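Okay, structure first, notes after.
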Amino acid sequence: MFDVKKIRNDFPILNRKVNGRPLVYLDNAATSQTPQQVINVIVDYYSNYNANIHRGVHALSQEATDKYEQARKKIQEHFNIGKSHEIVYTSGTTHAINLVANGFSSFLKQGDEILVSAMEHHSNIVPWQMLAERTGTILKVIPMSLDGELEMDAYEQLLSDKTKLVFCNHVSNALGTINPIQEIIDKAHEVGAAVLIDGAQAAPHIKSDLQALNVDFYTVSAHKMCGPTGVGMLYGKEEWLNTLPPYQGGGEMIAEVTFEKTTYADLPHKFEAGTPNICGGIAFGAALDYMNAIGFESMSEYEKELLDYATEKLLEIEGLKIYGTAKDKTSVISFNIDGIHPYDIGTILDKLGIAVRTGHHCAQPIMDFYKIPGTVRASFSFYNTKEEVDILVEGVQRAKSMLL
Amino acid sequence: MTIEEIQEEIVDEFSMFDDWMQRYEYMIELGKSLPLINEKYKTEDNIIKGCQSKVWVHAELEDDKLVFTADSDAIITKGIIAILIRSFSNQRPQDIINADTDFIDEIGLKEHLSPTRANGLVSMIKQLKLYAVAYQTQLN
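Same order as they appear, the protein sequences are chains A and B. Residues in the first sequence are numbered consecutively from 1, following the working numbering. Residues in the second sequence are numbered consecutively from 1, following the working numbering.
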């Protein structure tokens, strides 16, 4: 049984006060909170077996290496990835996308086309713009509707044998839209294009089977799913990872080095130069264990309840408009109130101990699309409650009466 | 009145309130009394960077004193800039350059002073002082 009271006890931060009031944390799409079970793993690492991995002969190094590689196996199982060496540890999604963009720049040529969705985070736009500038490839945008859904007919029109790469988020960080990625992947493959799916916002809510999806690249950040910051993963199909050149040079990623020539290590180490975030990787594994113990199905069912409840309650406020009303969405509500700047609402909510995000959410093209300066974004996690939704709604009402 | 006297006056006004809501409500009121910038000066060049909301500031020399006008699309930001301008406007550039802004802390708006805060109060102060430096150079 899904017991939110019991779950909340796992998160020590949820007991703190902000501005004299109990914290209501609704900025989960920016970063999720960390359960004690994961904090314990971090403390245990630094208390008992902190060492550099893969090269030591001593016991601590072996222990750390084992735990780090066990965590890779946990990631493999969780996302049903075929081979563990198809998982590259990265510092997060942004690093993972840059790694792929950098690799593709060595074989894309002038006139090739790459497609990006209209609802991307800046970190899934800028690396590709940089790539397009370097290689002379053409960047085209898959448009979206006012509801915040991708226009799939337009997408099909954009695909051609010139298309080499398609990149799209699984879930939009600003709107919460769940994109039809299976269709996006299949259609791209029909014209021989590779697909990168940014899974940063999806992974905390949806357990994806990457083999079944047949996706070429998928990226995840641990800190959005109960893990620590500074660690994430890039999944890449083996043949792609073998084809892409290394991103950074350094230790760990080499097989042999002479001043004449260096041969690179096998996958995944070819892409894991330098000492990685060892503790972070291990804690990422622990975060997956934690979430799986609760179960993604019951979590997302509960989050859907919260989303529906919050949507209904917020819409009762006169002048409130929600951006992103796709049929399939995660527990994210982006909204504005007529005549009030989102920043003002966010400031008052903060005084009330309610943490939301305001601004363009690193997705300026979406704000330009709706012709707004930004939104207030409340993003719910499985540890939030209906009582917290009520506090939010009350807070928004209070802000409205102060500001209008 | 000198900058210091005006700042003391503002601190006095804010000391009447005992909770944050009243302080914010007063700040919003002050925002409504902000001497508004002429629309023609609402240009990209006059936008202060570092604010999540847009803030435009314009400065003009009248005799030997600097007069500020401004606007923002967010009302709380407008209140903050109104408080700043009230203390800096109609003052000599050299006095603006020398003035400190500790009174912001005293009126309970300390949280807005953090340089990492998205409202850019620090950027606003810097911009007002930059105008003062520019006009002081002109006066010399």
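Cβ atoms here follow ideal geometry from the backbone N, Cα and C, with glycine treated the same way. Since the model is a prediction, treat every value here as computed from it, not as a measurement.
(message) Just to make sure I have the definition right: I need the residues of chain A whose C-beta is within less than 8 Å of the C-beta of Ile81 of chain B. Which are they?
(response) Going along chain A, no residue has its Cβ under 8 Å from Ile81 of chain B, so there is no contact; the nearest lies around 13 Å.
(message) With distance defined between alpha-carbon atoms, name the residue in A:His341, A:Phe167, A:Leu175 nearest to Ile185 of chain A.
(response) A:Phe167
(message) Tell me which residues of the region 1-34 of chain B have at least one Cβ-Cβ distance to chain A shorter than 8 Å, keeping chain order.
(response) Trp20, Met21, Tyr24, Glu25, Ile28
(request) Starting from Thr43 of chain B, find everything on chain A with Cβ-Cβ shorter than 8 Å and list it in chain order. (result) In chain order: nothing, as chain A lies at least about 17 Å away.
(request) Scan the region 328-356 of chain A for residues whose Cβ lies nearer than 9 Å to a Cβ of chain B and list them as they occur along the chain. (result) Ile340, His341, Pro342, Tyr343, Asp344, Gly346, Thr347, Ile348, Asp350, Lys351
(request) Label Tyr46 of chain A either buried or exposed according to how many other C-beta atoms from any shown protein chain fall within 10 Å of its C-beta, with 16 as the threshold for buried. (result) exposed
(request) Compute the distance between the beta-carbons of Leu234 of chain A and Thr219 of chain A, then report whether it is under 8 Å. (result) yes
(message) How far does the alpha helix (DSSP H) with Leu314 of chain A in it extend, from its first residue to its last?
(response) 296-315
(message) Can you find the residues in the same chain that come closer than 8 Å, C-beta to C-beta, to Tyr264 of chain A, ignoring five residues on each side of it along the sequence?
(response) Pro246, Met253, Ile254, Ala255, Lys270
(message) Please state the DSSP three-state secondary structure of Asn2 of chain B.
(response) It is Thr, not Asn, that sits at residue 2 of chain B in the sequence shown. Here Thr2 of chain B sits in coil by DSSP.
(message) With the cut-off set at 8 Å, would you say Ala132 of chain A and Thr163 of chain A are in Cβ contact?
(response) no
(request) Would you please verify whether the beta carbon of Ala74 of chain B is less than 8 Å from any beta carbon of chain C? (result) Within the model displayed, chain C is absent; protein chains A and B are what it includes.
(message) Can you give me the C-alpha to C-alpha distance between Asn98 of chain B and Trp56 of chain B, rounded to a whole angstrom?
(response) 23 Å
(request) Would you check if there are 3 or more beta carbon pairs closer than 8 Å linking the region 294-302 of chain A to the region 357-376 of chain A? (result) no
(message) Quick check: what's the CA-CA separation for Asn52 of chain A versus Pro228 of chain A?
(response) 19 Å
(message) Please list, in chain order, the chain B residues whose beta carbon lies closer than 9 Å to that of Pro409 of chain A.
(response) Any question about residue 409 of chain A goes unanswered here, given that chain A covers just 1 to 404.
(message) Considering only their Cβ atoms, is the gap separating Gly79 of chain B from Gly120 of chain B smaller than 8 Å?
(response) no
(message) Between Thr77 of chain B and chain A, is the shortest Cβ-Cβ distance under 8 Å, so that the two count as touching?
(response) yes
(request) Measuring only between beta-carbons, confirm whether Met402 of chain A sits less than 8 Å from chain B. (result) yes
(message) Only counting the same chain, and skipping five residues up and downstream in sequence, which positions put a Cβ closer than 8 Å to that of Tyr41 of chain B?
(response) Trp56, His58, Thr69
(request) Over the uninterrupted alpha helix (DSSP H) stretch that includes Ile7 of chain A, give me the two end residues. (result) 4-8
(request) Starting from the C-beta of Ile142 of chain B, find all residues in its chain whose C-beta is less than 8 Å away, skip the five residues before and the five after it, and write them out in chain order. (result) Because chain B here runs from 1 to 140, residue 142 of chain B falls outside it and cannot be looked at.
(request) Please say whether Asp73 of chain B and His341 of chain A have beta carbons closer to each other than 8 Å? (result) yes
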